[in-house]
Structures are given as C-alpha cells and as structure tokens.
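Enquirer: In UniProt numbering, the protein residues as written are 1 to 235.
By construction, the Cβ of each residue, glycine as well, lies at the ideal position given by its N, Cα and C atoms.
If you're wondering where the values come from, they're calculated on a predicted model, not measured in any experiment.
Structure provided below as structure tokens; questions to follow.
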C-alpha cells in the first residue's frame with residue numbers, strides 16, 4: 001500500500017498524481033470560498049504545456065500552494081492535476097490545472113489531454129532560446145488537438161534569472177500578439193513575481209468567454225421555436 005503523504009496548505013493525497021487544494025482566492029487577501037459557493041463554482045480545465053524543465057510544475061505549485069518547489073519531484077509518466085477554487089471579480093471559479101508529467105519528452109500528448117480544455121497556458125524558459133523556438137511546435141499541437149476558440153496565455157518563466165536571459169520580453173510579447181493572444185507575462189515561480197496577476201487575468205478571460213458562449217447558446221435556443229414555427233406556417 002502506498003505511503004500517505006502529508007501535503008501542506010490543505011492538499012489531500014490522491015492516486016495518480018491528482019491533488020486537491022482547499023478553496024482560496026485571487027488575490028490572497030480576499031475571503032476564502034465557502035463550501036456551498038465552491039460547489040456552485042464554474043469548473044474550468046486549464047492545460048499547462050511546454051518543453052520539459054521550463055517550470056510548469058513550479059508555476060502551478062506557486063499558484064496553488066504559494067511556495068517554491070526548489071527540487072524536481074520524481075514522477076512517473078502521466079499527468080499531474082492541481083485543483084483549487086479561486087475568486088475573480090467577486091465570482092467563484094473551480095480551476096483544474098493539468099500539468100504534463102514527462103509526456104512532453106516523448107511528444108505523446110494527444111487529443112484526449114486537450115479535450116474539454118477551457119484554457120491553455122504555454123510556458124517557455126527565458127534563459128533558453130530553444131524552449132522559446134519550440135513554441136511553434138506547441139502551437140501546432142494546439143491547432144491540431146484543441147478547440148478553435150480555446151483561450152490561451154503564454155508565460156516566460158524564470159524571470160528572476162535575468163542575468164542568464166536569452167529571450168527578451170518584447171520577443172515573447174510579439175510572438176503572443178502574432179497569434180492574437182492577449183495574455184503574455186514573464187513570471188518567476190521562485191519569487192512569485194507576476195504569477196497571481198497572470199492567472200487572474202487569464203481566468204477572467206476564460207470565464208468571460210464561457211459566459212458569452214452560454215448567452216449565445218441561450219439566444220439560439222430561444223430562436224429555435226420561432227424558426228420552426230415560421231417554417232411550418234408556410235403554405
């Protein structure tokens with residue numbers, strides 16, 4: 001039987017790498033989400049993709065645990081899922097952050113991983129030009145496997161290592177703009193710089209898009225009886 005791990009900040013040990021965090025909010029000063037409200041929260045699947053060792057897991061850990069994971073954890077192949085409740089603009093959102101675990105090394109991430117994703121975050125390392133150049137590969141995967149209207153964000157990680165920088169901020173910004181991606185940030189999982197701000201902005205975009213799509217579906221549903229009535233009324 002596997003040994004039960006003690007996770008900080010309310011984590012529960014869950015098989016196959018899945019981790020659940022007690023509800024909290026963005027920014028951290030806002031009140032915690034009540035259990036009742038958490039149950040009513042809209043759930044969103046957010047995917048983290050990018051080359052190996054760019055810092056995807058450390059970013060997710062900083063966002064959800066508010067700590068820096070200084071040493072790489074030993075993983076088996078699969079996926080790691082962080083689940084947490086956030087409050088953005090007074091609304092409660094349940095977010096599932098899906099992190100690839102070694103899969104990117106073998107290009108084995110398929111449509112099943114992208115299915116149901118409301119948002120995709122592509123991460124590169126500002127100290128590695130190669131990881132930046134490989135963004136085109138990941139964009140290709142998104143175009144192949146994800147839905148056409150999925151929300152996206154690009155993050156340049158490890159900005160605390162500016163003295164080792166190989167990718168300039170304007171290069172990342174320009175790349176995002178070329179693909180019509182509004183959310184681009186340079187972040188540091190070590191210091192926490194921009195992590196909360198980046199994801200708050202991204203969660204807001206994801207939620208607003210979902211609301212707009214829901215309203216459109218409601219309009220189409222209301223219009224449907226009218227169209228049928230008009231068709232049958234012809235004589």
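Can the beta-carbon of residue 44 be found closer than 8 Å to that of residue 118?
Expert: Cβ distance < 8 Å, so residue 44 and residue 118 count as in contact.
Enquirer: Contact defined as beta carbons within less than 8 Å: I believe residue 59 pairs with residue 157. What is the distance between those atoms, to the nearest angstrom?
Expert: At roughly 6 Å, the Cβ-Cβ gap stays under 8 Å, so residue 59 and residue 157 are in contact.
Enquirer: Along the chain, where does the alpha helix (DSSP H) that runs through residue 133 open and close?
Expert: Per DSSP, residue 133 belongs to the alpha helix (DSSP H) from 129-133.
Enquirer: If you reduce the DSSP assignment to three classes, tell me which class residue 188 lands in.
Expert: Three-state DSSP puts residue 188 in coil, outside helix and strand.
Enquirer: Once you ignore the five residues that flank residue 189 on each side, which residues in its own chain have a CB closer than 8 Å to its CB?
Expert: 55, 58, 59, 61, 62, 68, 69, 157, 158 and 195, listed in sequence order.
Enquirer: Determine the DSSP secondary structure at residue 142, reduced to helix, strand or coil.
Expert: Note: residue 142 maps to helix in three-state DSSP.
Enquirer: What number of angstroms, rounded off, separates the C-alpha of residue 127 from the C-alpha of residue 171?
Expert: Answer to the nearest angstrom: the Cα atoms are 13 Å apart.
Enquirer: Could you tell me which residues DSSP pairs with residue 44 in its beta bridges?
Expert: Note: residue 44 sits in a beta bridge opposite 95.
Enquirer: Going by the DSSP bridge assignment, what does residue 151 pair with across the sheet?
Expert: Answer is 119.
Enquirer: Excluding the 5 residues preceding and the 5 following residue 173 in the sequence, name in chain order all residues of the same chain whose CB lies nearer than 6 Å to its CB.
Expert: Closer than 6 Å at Cβ, skipping near neighbours: 184.
Enquirer: Assuming residue 59 is part of the alpha helix (DSSP H), what are its boundary residues?
Expert: First-last of the alpha helix (DSSP H) with residue 59: 56-65.
Enquirer: With C-beta atoms as the reference, is residue 145 less than 8 Å away from residue 124?
Expert: No, these two residues do not count as a Cβ contact at 8 Å.
Enquirer: Give me the residue from 91, 132 and 111 with the minimum Cα distance to residue 53.
Expert: Measuring from the Cα of residue 53, the nearest candidate turns out to be 132.
Enquirer: Have a look at residue 179 and residue 93 and give me their C-alpha separation to the nearest angstrom.
Expert: One C-alpha to the other measures close to 27 Å.
Enquirer: Give me whichever residues DSSP pairs with residue 52 in a beta bridge.
Expert: Paired residue(s): none; residue 52 is not in a bridge.
Enquirer: Suppose contacts are defined by Cβ-Cβ distances below 8 Å. Is residue 120 in contact with residue 135 by that definition?
Expert: Cβ atoms of residue 120 and residue 135: not closer than 8 Å.
Enquirer: Under the three-state reduction of DSSP, which class applies to residue 178: helix, strand or coil?
Expert: Correct three-state label for residue 178: helix.
Enquirer: Just to check, is the beta-carbon of residue 129 closer than 7 Å to a non-hydrogen atom of the ligand SAH?
Expert: The ligand SAH is absent from the structure shown, which contains no ligands of any kind.
Enquirer: Out of 217, 153, 220 and 130, point me to the one whose CA is closest to residue 200's CA.
Expert: Nearest option by C-alpha distance: 153.
Enquirer: For residue 89, name the three-state secondary structure that DSSP assigns.
Expert: Reduced to three states, the DSSP call for residue 89 is coil.
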